[in-house]
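For my numbering, count along the sequence shown from 1 and bump the result up by 1398. The next block holds one structure in the form of structure tokens; read it before the comments.
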Amino acid sequence: MRHENLRIREAARRKTLWTLASLAPGHPDAPSLIELLDRISLEERGDLVLNPVLTLEEITRFVPIRRHPSGKEIVVEHEIPELWRERFLQASIGSTRLVDGMYATDWKKFLKEWALEMQVVDTHRAAISKDQAIDGSGD
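Structure below.
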């Protein structure tokens, strides 16, 4: 059951991040999307199985990249700790892979994209804070 909740939560996060990325900062739909991301993060923190969650920098160093006999570099799914494993799987739906693991290039791209997505979230948060300050509703 926990894994199913994690999968559902990460699918919702992924959809929300993609939707948010399509909006300009200050868009009227952004606050509700940020609120949804905040609720997902709260649920995540409440799940003791996942604590502590590695930071982006930590996960980048933690997951080994292996050379497959085919000559390709891969990451082995079970060597990616949960929450990051499910994040990667949700972001990689439809991607090709080897039986023994996912392509390391996809893993590296995912980590770069994650950092960019978090910058988009921060930009939207700043725009919301600015709008609230201008409106006087940030009190």
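Every residue gets a Cβ at the ideal spot worked out from N, C-alpha and C, and that includes glycine. These numbers were taken from a predicted model, which means no experiment stands behind them.
- Rounded to whole angstroms, I1478 and K1507 show a C-alpha spacing of 15 Å.
- M1516 sits exposed, since fewer than 16 C-beta atoms from the chains shown fall within 10 Å of its C-beta.
- For L1421, the secondary structure class from DSSP, reduced to helix, strand or coil, is coil.
- When the Cα atoms are used, T1503 and I1472 turn out to be separated by approximately 8 Å.
- Secondary structure at E1471: strand, using DSSP grouped into helix, strand and coil.
- Distances from the alpha-carbon of L1435 to those of D1520, W1505, R1400, G1499 put D1520 closest.
- When the alpha-carbon of I1432 is set against those of N1403, G1444, A1410, the nearest one is in A1410.
- For L1404, the secondary structure class from DSSP, reduced to helix, strand or coil, is helix.
- Per the coordinates, the alpha-carbon of V1461 lies some 35 Å from the alpha-carbon of I1526.
- If you compare the alpha carbons of V1451, G1469, S1468 with that of W1482, the shortest gap goes to V1451.
- If you draw a straight line from the Cα of R1405 to the Cα of I1438, it is about 12 Å long.
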